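Quick note: the sequence shown uses our numbering, first residue 3, plus one each step.
A quick write-up on the structure given underneath.
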Amino acid sequence: MHTRSWIFSAIFATFLTASICVAAEPNAPQQADPCERVHKEAGRLLESIESAHPDSSPQLIKIRERLEYLYRRSQSDSARMDEVVPSIEAMERTASKRKRFNRRSEDPFTGLDAMSNESLVQELNKRISVNTQFEYSASRRIVFLTLDNLDGFVECVYTGRSEHVTQMPNDKDMNIEHSWPQSLGATGIAKADLHHLFPTDSKANSTRGSLPFGIVNNPNWEEGGSKCDGDKFQVRPSFCGNIARAQFYFSVRYNKPIPNEVEKVLKAWHKADPVDARELQRNNKVDEIQHNRNPFIDHPEFVDRIADF
């Protein structure tokens, strides 16, 4: 089947989900949720399309996002028809509004000025534990083809090496870095959480492995400003703050403690490499896709108000 036909099939699957969900009576007793069933079937169809036509991944990611949007809307009993089946133009307007994130009027972290330590951690956890859940394979595609793809180029978070990427790269060349290692708790939905996933050179990825972050004085590996001595991994100066804030997010979101010696280093990196426009833009993009934000990017001052992560 030609790629165009596959894409039409994907679009049909997306709006079939919407039509079935609209037709379902929200208060009627049912043996199984037809929306959930069709949603899963449509997801499997998208997976098969991408396997057969990897060059269609960017379009399929957009279709998958709309499929997720329609499914979430269908779960609300009070949803109106025009909310369940929004036009593409309406969705683009919504995305545009989200891109114009304004801290004063749209900040999801208001009302926390008097909080600190455990009370702040608990409240932040409530506000960020609303993210859309993705399969890990979908998150990998999003990172390489959408989130961290700037005009067709993807940069390694550790070495700064830039690679031309128009389709999923060979994992022997570039891979996904779980800044919070899977072996230390990045499993289940946490494994696919975009806020702590970054593109990396495969060599740098394997060098870091699951080593803790720290200061390296006598490296046996060094590239692009990052260093490793076999016991600790030090992130290059221009990205160490990004990694620190990703660690703080993960700790709060998934209730994972950070060792004291590591936390001390991360807090120093947080101050040495403050939030820049590129990091804020990435936070906005993740919010558009995953529907939650990293509070330590929007409010760097929160870090100083938590004595022990």
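Glycine included, every Cβ here is placed at the ideal spot set by N, Cα and C.
Values in this document were obtained by computation on a predicted structure and should not be read as measured data.
Are F304 and L152 close, meaning C-beta to C-beta below 8 Å? Sequence index remark: in the sequence shown, residue 304 carries index 302 (1-based). Sequence index remark: in the sequence shown, residue 152 carries index 150 (1-based). The answer is no: Cβ separation not under 8 Å.
Going along the chain, which unbroken runs of the beta strand (DSSP E) with 3 or more residues stay wholly within the region 134 to 162? 155 to 157
Closest by CA to A116, which one among S139, A44, E125? Here residue 116 refers to the residue found at position 114 when the sequence shown is read from its first residue. Of the listed residues, the one whose Cα sits closest to A116 is E125.
Please list, in chain order, all residues of the same chain as D150 whose beta carbon is under 6 Å from its beta carbon, the five residues on each side excluded. Your numbering for residue 150 matches position 148 in the sequence shown. Excluding residues within five positions, the ones whose Cβ falls inside 6 Å are V156, P201.
Spatial distance of S107 from D300 (CA atoms): As a working mapping, residue 107 is identified with position 105 in the sequence shown. As a working mapping, residue 300 is identified with position 298 in the sequence shown. Only weak support is given to the placement of S107: the predicted model assigns it a pLDDT of 46, under 50, and the value that follows is read from those uncertain coordinates. For S107 and D300, the distance between alpha carbons rounds to 13 Å.
DSSP-derived helix/strand/coil call for Q283: Working through the sequence shown from its first residue, we reach residue 283 at position 281. It is helical.
Would you list the one or two residues that DSSP bridges to Q236? Residue mapping note: residue 236 aligns to position 234 of the sequence shown, counting from 1. Paired residues: K229.
With the cut-off set at 8 Å, would you say L282 and A246 are in Cβ contact? Working through the sequence shown from its first residue, we reach residue 282 at position 280. Working through the sequence shown from its first residue, we reach residue 246 at position 244. Not a contact, by the Cβ cut-off of 8 Å.
Excluding sequence positions up to five away, which residues of its chain have a Cβ less than 6 Å from the Cβ of K174? As a first step, residue 174 must be located in the sequence shown, where it is residue number 172. Contacts found: S204.
Return the residue from the list R295, P276, V277, D278 that minimises the CA-CA distance to N285. Position 283 of the sequence shown holds residue 285. Comparing Cα-Cα distances from N285 to each of R295, P276, V277, D278, the minimum goes to R295.
Can you tell me which of the three DSSP states Q292 falls into? Counting from one through the sequence shown, the residue named residue 292 turns up at place 290. Note: Q292 maps to helix in three-state DSSP.
Going by the CB atoms, is the gap between N127 and R255 shorter than 8 Å? Taking the sequence shown and counting its residues from 1, one reaches residue 255 at position 253. Taking the sequence shown and counting its residues from 1, one reaches residue 127 at position 125. Here R255 is near N127, since their CB atoms are less than 8 Å apart.
Unbroken beta strand (DSSP E) run spanning I178, endpoints: Translated into positions along the sequence shown, residue 178 becomes position 176. Element bounds for I178: 176 to 180.
Using 8 Å as the cut-off, can you tell me whether the region 159 to 168 makes contact with the region 182 to 190, which would need three or more C-beta pairs spanning the two stretches below that distance? Contact fails: fewer than three Cβ-Cβ distances are below 8 Å.
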